[in-house]
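S.K.:
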Amino acid sequence: MSMQARIRSVRYEAEGILSFRLEPMPGAEFPPFTAGAHIDVTLGQRLVRSYSLLNDPAQRNVYEIAVQLDPGSRGGSRLIHAQWRAGQVIEISEPRNHFPLVEDARHSVLIAGGIGITPMLAMAARLTALDRSWSMHYAVRTRARAAFLDRLGAWPAVRLTVDDEPDTPRLDLAALLRDVPANAHVYCCGPAPMLDAFRRLGAGLGSRLHFEAFSSDAEAAVEGGYVVRLARSGRSVEVPCGKTMLDALLDAGVDVPFACSEGICGTCRIGVLDGTPDHRDQFLSAEEKAANDSIMVCCSGARTATITLDL
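Next comes the structure, spelled out in structure tokens:
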């Protein structure tokens, strides 16, 4: 469900990073959210992007997001930085949470790289309010690109690593994950190399390991040459070479939810009733991919001549 929001203020947070404080329209209210949640922002007919809510979940009728300008942007961050201004009305979704916080954990370890700090801010605020034990490790390339240092300075549990400052503590993921206390949960949000290392080194932690990507380096499936069958409507849609499954469905007038278009947010997850997906996302776990009962249509394709979706 979409709704309107007004940009109350825009703030410079770090080099290339702006934060936006959103408020509901007069007479309306924002739904509450939980730490780790995100909202989708509609920027155009086929341009939707997901951004983590970074403010304290205890705040009502306030959503805060931050957007990092990506030099390789396909329109999302570039448009926001160039066009969004205080007072402007934008369209957003209700909050969804694919990166939830386990609030009763004995201890929580929060690990962030770059703009991945955004969901960790909400988690830290929530854990503090619950009086839970937690620690945070925040890694950035340069201090100029370190956002929200003013907020983070209020929490002594935060450890900052600046790549070009050798005197700051180094982020040793292997040691950090090896020494995780029993019954503690660990969360990570950052660039693909950090997440790859996090998942590999922390594999033994099982369900206590949580992660969220903010970008993907995987190539979308655009080989085409298969047919998507829609079980509910009985329609069939051909996916030609050069198009993603999502593009083919949208061109055919099929209403499909989507946001990041990179297979990282989970918005476009659709059930698979028959056929074998060609998984290209970073959202589904290895076990979920092996089950082949769902697919991220924004970036994944089909390994069979036909694939039947629960649409």
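Residues in the sequence shown are numbered consecutively from 5, following this note's numbering. All C-beta atoms in this analysis are idealised placements derived from N, C-alpha and C, irrespective of residue type, glycine included. It should be emphasised that the depicted structure is a prediction, and the values quoted were computed from it without experimental measurement.
Ignoring anything shorter than 4 residues, give me the alpha helix (DSSP H) runs that lie fully in the region 149-199, in order along the chain.
M.R.: Entirely contained in the region 149-199, the alpha helix (DSSP H) runs reaching 4 residues are, in chain order, 153-156, 177-182.
S.K.: Per DSSP, Ala116 forms a beta bridge with which residues?
M.R.: Beta-bridge pairing links Ala116 to Tyr142, Cys193.
S.K.: What did DSSP end up calling Pro123 once you bin it into helix, strand or coil?
M.R.: Here Pro123 sits in helix by DSSP.
S.K.: Quick check on the DSSP output: the alpha helix (DSSP H) that includes Arg239 runs from which residue to which?
M.R.: Element bounds for Arg239: n/a, residue is neither H nor E.
S.K.: Could you check how far apart the C-beta atoms of Ser23 and Arg15 are, in whole angstroms? I think they sit under 8 Å.
M.R.: That pair is a contact at about 5 Å.
S.K.: One question on the structure: do Gly40 and Asn101 come within less than 8 Å of each other, judged by their Cβ atoms?
M.R.: For Gly40 and Asn101, yes; Cβs fall inside 8 Å.
S.K.: Compute the beta-carbon to beta-carbon distance between Val276 and Ile311, rounded to the nearest angstrom, for a pair I have assumed lies under 8 Å.
M.R.: With 8 Å as the limit, Val276 and Ile311 qualify as a contact, their Cβ atoms being about 7 Å apart.
S.K.: Going straight from the alpha carbon of Leu175 to that of Arg145, what length do you get?
M.R.: Cα to Cα, the separation comes out at about 12 Å.
S.K.: In chain order, what residues of the same chain lie with their CB nearer than 8 Å to the CB of Ala32, ignoring the 5 residues before and after it?
M.R.: Cβ within range, chain order: Met7, Gln8.
S.K.: Could you name the residues that DSSP lists as bridge partners for Asp44?
M.R.: DSSP, once it has assigned bridges, lists Ser54 as partnering Asp44.
S.K.: Tell whether a beta-carbon distance below 8 Å holds between Glu57 and Pro99.
M.R.: Note that residue 57 is Leu in the sequence shown, not Glu. Yes. Within cutoff.
S.K.: Using the rule of at least 16 other Cβ atoms within 10 Å of the residue's Cβ for burial, across every protein chain shown, is Ala207 buried or exposed?
M.R.: So Ala207 ends up on the exposed side.
S.K.: Which same chain residues end up closer than 6 Å to Val93 when comparing Cβ atoms and leaving out the 5 residues on each side of it in sequence?
M.R.: Closer than 6 Å at Cβ, skipping near neighbours: Gln8, Arg10.
S.K.: Could you say which of Val190, Glu266, Phe287, Arg307 lies nearest to Asp278 if we only look at CA atoms?
M.R.: Of Val190, Glu266, Phe287, Arg307, the residue nearest in Cα terms is Arg307.
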